[in-house]
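Chains as they are written, first to last, in numbering that gives the first Met the number 0: chain A, 0 to 572; chain B, 0 to 79; chain C, 0 to 79; chain D, 0 to 232.
From the three backbone atoms N, C-alpha and C, an ideal C-beta is built for every residue, glycine too.
From a predicted model like this one, the values you see are computed outputs, not experimental measurements.
In what follows, a single structure is set out as structure tokens and then discussed.
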Amino acid sequence: MMEELAKEHGLSADEYQRILDELGREPSLCELGVLSVMWSEHCSYKSSRVHLKKLPTTGPQVVQGPGENAGAVDIGGGLAAIFKMESHNHPSFIEPYQGAATGVGGILRDVFTMGARPIGNLNSLRFGNINHPKTKHLFHGVVGGIAGYGNCVGVPTVGGEVYFDDCYNGNILVNVFTVGVAKIDRIFKGSATGPGNPVFYVGAGTGRDGIHGATMASEQFDEGSEDKRPTVQVGDPFREKLLIEACLELMETGAIIGIQDMGAAGLTSSSVEMADRGGTGLRLVIEDVPMREEGMNAYEVLLSESQERMLVVIAQGREEEVGRVFSKWELEWAKIGEVTDTGRFEVVHHGKVECDLPVSVLTSSAPVYDRPQSEPARIREAQPAKVEPTADLFGDLVQLLGAPNICSRRVIYEQFDHMVGLGTVLGPGSADAAVLRIPGTNRAIAAAVDVNSRFVYLNPYEGTKLAVAEVTRNVACTGAKPLGTTDCLNFGDPTNPEIMWEFAEAIRGMAEACLALDAPIVGGNVSLYNASAGKDIFPTPTLGCVGAFESESFITCGSRVRTVDDLVALVGV
Amino acid sequence: MPRARVLIHNRKGVFDPAGKVVEGGLERLGHQVKSVKVGKVIDLHFESGTSEEILAQVEKMCRELLVNPVIEDYVVEIEE
Amino acid sequence: MPRARVLIHNRKGVFDPAGKVVEGGLERLGHQVKSVKVGKVIDLHFESGTSEEILAQVEKMCRELLVNPVIEDYVVEIEE
Amino acid sequence: MRIAVIVFPGSNCDRDCLHIFNSVLGVQAVGVWHRETSLEGFDGVVIPGGFSYGDYLRCGAMAKLSPIMDEVRRLASTGRAVVGICNGFQILLESGLLPGAMLHNRSLKFVCKRVDVRVETSRSSATRGLPRGTILNLPIAHAEGNYTVGEDELKSLEDNDQIVMRYSSSIGEVGDAFNPNGSLGNIAAISNRSGNVVGMMPHPERASELILGGEDGRAIFESFVGWGSGGVR
Ligand SMILES: Nc1ncnc2c1ncn2[C@@H]1O[C@H](COP(=O)(O)OP(=O)(O)O)[C@@H](O)[C@H]1O
């Protein structure tokens with residue numbers, strides 16, 4: 000029976016056998032739930048890990064590479080830019096407004112978790128054909144959700160990109176990016192150290208929403224998937240705003256040992272990851288978790304993906320500071336457990352042990368696959384398209400400028416508050432990258448997100464190199480020096496060897512370009528199974544880049560023609 | 000003139016942030032209330048039609064536009 | 000457990016942009032509707048109390064917080 | 000001179016306003032948490048923009064319940080300058096310090112862009128140094144800025160010179176084409192009768208430094224500061 004249940008949890012027969020071997024016994028239902036989310040593609044990167052290892056991730060400017068909640072680069076003046084990009088594709092297809100909104104919420108938490116005040120959001124969106132019957136609804140929902148969340152938390156949405164293509168008809172992409180700034184010597188990590196230290200839960204209460212969202216994000220869409228509805232969560236940007244302020248205030252007190260947001264797979268992945276990084280164990284008491292629904296069991300509490308929650312390890316003796324700060328900000332908080340030296344993830348509910356697993360089984364023992372690859376036939380068969388010039392070049396130009404993939408994005412970015420925070424020197428529509436100054440200093444950064452997935456489809460290796468080149472060039476055009484990149488790798492079904500080949504080739508190109516341009520990858524996200532009705536999307540490795548200015552005075556004027564008689568020069572090959 | 004009323008709330012288990020905030024506000028004013036849910040009401044006026052016709056039509060509207068079944072539940076009330 | 004429902008609409012003569020948008024949306028879908036009004040519904044649950052007590056209390060809540068009389072009208076319904 | 004910038008749960012332009020006072024104008028300003036009960040020693044109050052209480056129920060509705068609002072009311076009654084920006088304007092309306100209410104923008108969408116506004120009076124605490132007819136280019140960012148008020152009150156606002164700004168073209172034409180949200184009479188800002196309490200939808204703090212693309216907003220802060228502790232004029 001357990002085997003059947005394991006299958007329902009998305010674990011293969013092999014994977015289940017591996018669990019039996021590791022544990023020497025059958026897991027409990029609760030343990031099975033925990034194992035399934037930790038071993039899901041979303042948390043374990045089981046299909047991508049072998050490839051991601053090949054990316055360049057170091058450099059003198061790198062303050063924090065992959066492995067933490069977000070990456071960080073040194074922008075001078077004792078400051079670090081902390082940034083990350085994440086996908087919320089599948090939830091946004093099912094419920095565009097809330098899917099996109101909670102995507103923004105999640106990426107913000109990844110960044111302020113590290114001690115950075117978020118100063119800018121960007122996004123990269125892909126929709127189906129503009130005339131497809133679903134596109135309009137999805138488009139308005141996603142743009143509305145990004146606006147609704149970002150505007151309310153008071154982080155400006157300063158740039159992004161939007162493309163329409165048939166390949167996204169049944170599987171849109173919503174990639175969201177946040178950058179924040181922190182003092183280099185005040186960066187916080189998601190690590191649980193010091194056995195005996197209390198573990199606190201802060202933020203909104205836990206409900207039954209989003210249970211199994213993490214597994215859902217790794218499953219392919221099929222006809223019935225629009226019915227898998229309760230897995231979508233509702234975001235509360237108001238509470239997130241309070242959470243940002245409260246966490247930043249608590250960080251000032253020095254009471255925090257480690258802090259981590261509860262993202263996909265909620266309480267489970269956050270506590271397991273914290274114990275794993277700290278080389279410790281964690282013991283949680285379910286009935287102490289703030290809940291907003293009655294009668295929730297351990298399984299539900301562990302797997303809930305309720306939004307706007309954080310896990311914090313506090314130095315023993317500093318407990319009352321948590322209460323002081325979080326009560327002031329009108330947020331819920333509770334001590335829900337402590338750090339142990341057992342190396343185990345233990346969960347008790349009313350005295351009953353619901354889960355007792357070695358942390359290592361959940362993390363390092365998770366399966367890793369080097370899946371088979373094969374080059375798709377289209378790569379060699381592709382022929383250059385023939386475009387015949389017409390007599391009416393002006394007419395063609397007008398038509399091009401009005402095309403959905405080229406026309407003005409004003410209707411989108413005017414719905415985003417792109418000025419709050421007084422940082423936006425060059426906002427959407429004014430340059431190839433967003434430029435944000437850091438008030439109170441003479442420093443500024445630039446950030447951009449880019450990829451042309453059609454190029455990547457035609458040649459994953461060259462196309463991804465181009466994406467890295469484009470995103471760093473867009474940053475450089477504003478006068479900033481590109482320092483680091485983050486990626487969001489949206490691909491199809493990894494069990495299809497052709498998709499895996501696309502993936503490996505894209506990584507090869509990305510590695511080469513990032514190395515050549517000295518823009519190491521400091522963080523990233525992988526989203527697989529982007530397919531509907533057996534049809535995969537174009538491989539879409541979205542790149543985000545952050546660069547810095549030595550001084551505000553190096554900011555160029557953006558991409559606008561200024562005055563009559565200005566010189567126009569063409570630079571490059 | 001026949002009228003239909005659609006009452007829309009977040010589904011059970013789906014978080015209702017507005018309700019939570021209103022609850023807090025009422026408490027601050029000294030009111031004792033167990034829980035608050037905030038939803039939408041849509042009143043539709045028709046030129047004509049029997050209750051059955053209107054009910055069928057409004058149900059269709061709910062499916063097509065008015066309600067987001069992923070997170071919302073609804074009730075239709077017909078008045079003549 | 001007693002329950003009160005407050006139905007809030009924009010006052011007559013006050014523009015109801017949400018209603019207009021829904022009206023347009025329904026028309027585009029081929030529905031015939033004379034007019035649409037979009038409002039709020041607030042459901043309040045109480046531990047206890049008679050209908051009269053609750054009605055009095057909810058009326059007070061409406062005056063103090065729930066309703067903005069400059070633009071809104073409301074109706075209270077009590078259920079036991 | 001000491002300015003209070005009120006901070007509600009969900010305010011998000013409080014830090015921006017503090018920056019303009021403290022770092023750009025060199026005027027001391029401090030954030031005051033909404034649960035405080037005294038504004039003793041302050042000469043003016045700014046209620047900043049944002050989403051107090053998430054704008055749930057109605058914009059500004061929850062904020063009016065905060066303890067600090069009694070003090071804001073008291074300070075207002077002594078003639079000190081009280082300016083509400085965006086969500087702050089909505090809070091002043093809900094609190095009854097200014098007449099009228101806000102509806103959703105007629106587009107039903109949030110709108111963030113620069114607009115031109117025409118100054119309609121120089122007797123408010125926000126426009127004291129500015130001649131009537133001055134055009135200011137200021138950002139707006141709101142979903143509910145569609146100001147409305149009863150006919151009689153509108154007339155009284157007009158008769159008493161309480162309309163502070165209207166949306167306009169860059170050369171000062173006022174008309175529907177320049178109205179970003181559908182507000183009655185193209186109103187962008189109003190004041191109370193004595194002119195010391197002002198609510199405005201535009202964000203002057205976002206246009207007070209050249210590096211952010213304009214300085215028109217500075218005049219508003221300078222007027223506000225200049226209103227001083229002198230009380231009713
Ligand atoms: N989803 C979005 N969110 C915010 N800004 C956007 C979005 N899409 C496009 N923009 C902004 O609109 C402008 C034009 O976008 P795009 O057409 O992609 O420009 P380009 O091709 O020149 O990079 C850019 O400044 C970009 O940042």
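**Request:** Take the Cβ of Asp-340 of chain A as the centre, count every other Cβ of all protein chains shown within 10 Å, and call the residue buried at 16 or more, exposed below.
**Result:** exposed
Rank A:Arg-370, A:Ala-181, A:Ile-520 by C-alpha distance to the C-alpha of Pro-496 of chain A and give the top, closest one. A:Arg-370
Does the distance from the C-beta atom of Phe-237 of chain A to that of Val-448 of chain A stay below 8 Å? no
Between Pro-289 of chain A and Gly-204 of chain A, what straight-line distance do the alpha-carbon atoms span, to the nearest angstrom?
5 Å
With 8 Å set as the bound, which would you pick, yes or no: does the beta-carbon of Phe-14 of chain B sit closer than that to a beta-carbon of chain C? no
Kindly indicate which three-state DSSP category Trp-32 of chain D falls into: helix, strand or coil?
strand
Thinking C-alpha only, which one of B:Val-37, B:Tyr-73, B:Glu-79, B:Arg-27 is nearest Thr-49 of chain B? B:Glu-79
According to DSSP, residues forming a beta bridge with Asp-287 of chain A: Its beta-bridge partners do not exist; DSSP assigns none.
Check your understanding: When you compare only the Cα positions, how much space is there between Val-197 of chain D and Leu-542 of chain A?
Key -> 45 Å
Check: Taking DSSP as the reference, what is the three-state secondary structure of Glu-368 of chain A?
Finding: Checking the sequence shown, residue 368 of chain A turns out to be Tyr, not Glu. Tyr-368 of chain A falls in the coil class under three-state DSSP.
key: the segment 101-110 of chain D contacting the segment 140-152 of chain D, beta-carbon criterion three pairs below 8 Å   = yes
| message | Distance cutoff 8 Å, beta carbons only. Does Pro-3 of chain C sit that close to anything in chain D? | response | First, the amino acid is wrong: residue 3 of chain C is Ala here, not Pro. Answer no: the Cβ-Cβ gap between Ala-3 of chain C and chain D never drops below 8 Å.
- Item | Min CB distance Ile-53 of chain C to chain D below 8 Å | no
Residue ranges of each alpha helix (DSSP H) run of no fewer than 4 residues wholly in the segment 401-433 of chain A, ordered along the chain? 409-412
For Cys-61 of chain C, does the three-state DSSP call read helix, strand or coil? helix
* Identity of the residues DSSP links to Tyr-298 of chain A by a beta bridge -> None, per the DSSP bridge assignment.
- Task: Please compile the residues from chain B whose C-beta is within a distance smaller than 7 Å of the C-beta of Asp-235 of chain A.
- Result: Phe-14, Pro-16
Determine, using beta-carbon pairs with one atom in the segment 32-42 of chain D and one in the segment 18-33 of chain B, whether at least three such pairs fall under 8 Å. no
Fill in: CB contact below 8 Å: Gly-24 of chain B versus chain D
yes
message = Does Arg-24 of chain A pass the burial test, meaning 16 or more other C-beta atoms within 10 Å, or should it be called exposed?
response = exposed
Span of the beta strand (DSSP E) holding Glu-76 of chain B?
71-78
message: Along the segment 56-84 of chain D, where does the CB come closer than 9 Å to a CB of chain C? Name the residues.
response: Leu-56, Arg-57, Ala-60, Met-61, Lys-63, Leu-64
**Message:** Thr-56 of chain A and Val-521 of chain A - do their beta-carbons sit closer together than 8 Å?
**Reply:** yes
| Quick one: is Ala-381 of chain A buried, meaning 16 or more other Cβ sit within 10 Å of its Cβ, or exposed? | exposed
- Query: On the premise that Ser-86 of chain A lies in contact with Cys-641 of chain A, defined as a C-beta separation below 8 Å, what is that separation, rounded to the nearest angstrom?
  - Reply: Residue 641 of chain A falls outside the range modelled here, since chain A spans only 0 to 572, and no answer is possible.
For chain A, is any of its Cβ atoms less than 8 Å away from the one on Val-69 of chain B?
yes
key: Length at least 3, wholly inside the segment 86-111 of chain A: the beta strand (DSSP E) runs in chain order   = none
Same chain, Cβ closer than 8 Å to Glu-22 of chain B, neighbours up to 5 away in sequence not counted | Val-32, Ser-34, Val-35
Is there contact here, the segment 86-100 of chain D with the segment 111-124 of chain D, by at least three beta-carbon pairs under 8 Å? no
- request: Could you check if Asn-191 of chain D is buried or exposed, using at least 16 other CB atoms within 10 Å of its CB as the buried criterion?
  value: buried
Check: To which residues of the same chain is Tyr-298 of chain A closer than 7 Å at the C-beta, ignoring the five residues directly before and after it?
Finding: Leu-28, Cys-29, Gly-32
Return helix, strand or coil for Ala-445 of chain A, following the three-state DSSP convention. strand
Check your understanding: What three-state label does DSSP hand Ala-188 of chain D in the structure shown?
Key -> strand
Requested in this report: Can you give me the Cβ contacts of Ile-256 of chain A inside the same chain, cut-off strictly under 7 Å, excluding the 5 residues immediately before and after it?
Outcome: Thr-192, Gly-193, Asn-196, Val-312, Ile-313, Ala-314
query: Are the C-beta of Gly-53 of chain D and some C-beta of chain B separated by less than 8 Å?
result: yes
message: If the cut-off is 9 Å on Cβ atoms, which residues from the segment 22-50 of chain B count as contacting chain D, listed in chain order?
response: Gly-23, Gly-24, Arg-27, Leu-28, Val-37
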